[in-house]
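Numbering follows UniProt numbering, with no gaps: position 88 of the first sequence is 88.
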Amino acid sequence: MPVKVATWNVNSLNVRFPQVLEWLAGERPDILCLQETKLVDARFPVAELAAAGYQSFYHGQPTYNGVAILSRRAPEAVCCGWPDGTDGQARLCAASFGAVRVVNVYVPNGQSVDSDKYPYKLQWLARLRAFVAEELRRWPQLLLVGDFNIAPDARDVYDPVAWGEGILCSPAERAALGHLLDLGLHDAYRSLHPETREWSWWDYRAAAFRRNQGLRIDLILASTPLLARAQAVVIDGGARAAARPSDHAPVSITLGDEV
DNA sequence: ATGGTAGGCTCCCTA
């Protein structure tokens with residue numbers, strides 16, 4: 001049976017919960033990774049998701065950030081945050097489903113290249129690389145998914161000249177993404193669609209969605225054995241057109257059976 | 001004209 005894995009920055013699971021339930025019912029993914037749940041763990045809607053057929057693994061905090069993995073089957077070998085527990089921001093969690101490892105990230109936005117949040121973003125990406133290198137050692141079949149807050153290259157930006165080398169597009173961020181890919185990961189959407197220009201995020205401001213001014217910053221990075229199984233990678237822009245939408249669209253990958 | 005909107009332990013901060 002093919003396996004469908006999705007990622008979605010929901011910008012508050014509390015507000016977006018009806019849309020998440022509707023999307024799960026319509027798309028029926030095996031696994032859905034969420035970012036920006038903005039929920040403390042005590043308020044995670046475990047029972048409602050169980051009624052919809054999904055188990056919940058979640059790592060939240062008040063007000064900001066928050067990641068979760070919803071899955072039809074039980075997650076194994078779960079972990080959240082850095083192994084040494086030093087980062088106070090809830091941006092990372094991982095779980096295994098048989099041989100497939102799923103690492104879910106909400107990469108810091110960085111705000112602007114001259115913000116103090118920018119070096120924090122670069123440092124966070126360097127730590128992520130070290131973490132994923134260890135994960136790959138144990139689980140060669142790995143998906144690194146989430147909101148990367150990095151547009152990989154000019155094809156992923158509606159107006160690459162206007163965005164220039166600003167936040168989400170700066171050379172250091174793109175180099176950090178390149179260092180992740182150097183571990184043996186592949187941008188699954190771009191591997192299957194070499195030239196297509198599609199976006200996964202549109203700013204709430206300036207009527208960006210109506211004008212289709214977006215960036216592709218929500219990514220699924222697949223290790224080589226999983227890329228070989230990739231049958232489809234879909235960005236569901238329809239979800240962004242819904243009433244009271246998240247500013248991000250869900251992205252999903254369908255993996256065929258192992259040969 | 002450096003704008004605009006959305007969310008949250010909301011009167012500021014993050015995105």
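No residue lacks a Cβ here, since even glycine has one placed at the ideal position from N, Cα and C.
| said: Give me the DSSP bridge partner(s) of G88. | reply: Looking at the DSSP assignment, G88 forms no beta bridge with any residue, so it has no partner.
Could you tell me the boundaries of the beta strand (DSSP E) in which G110 lies? Run containing G110: none; DSSP gives neither H nor E here.
V15 burial status per 10 Å Cβ neighbour count (16 or more: buried): exposed
**Prompt:** Whose C-alpha, out of V145, A154 and S200, is nearest the C-alpha of L180?
**Reply:** Between L180 and the set V145, A154 and S200, the nearest pair of CA atoms involves V145.
Query raised in the report: Which runs of the beta strand (DSSP E), 3 residues or longer, sit entirely within the region 138-210?
Result: 142-147 and 185-187
Which whole-angstrom value describes the C-beta separation of L192 and A151, a residue pair presumed to lie in contact below a C-beta threshold of 8 Å?
Contact doesn't hold; Cβ gap of about 18 Å is too wide.
Rounded to whole angstroms, how far is the Cβ of V67 from the Cβ of L39, which I believe are closer than 8 Å?
Going by Cβ atoms, the distance from V67 to L39 rounds to 10 Å, so no, they are not a contact pair.
Does DSSP put V78 in a helix, a strand or coil?
-> strand
Note to self: Mapping the DSSP letters down to three states, classify A249 as helix, strand or coil.
What the structure shows: coil
Q) What three-state label does DSSP hand Q231 in the structure shown? A) The answer is strand: DSSP assigns Q231 an E or B state.
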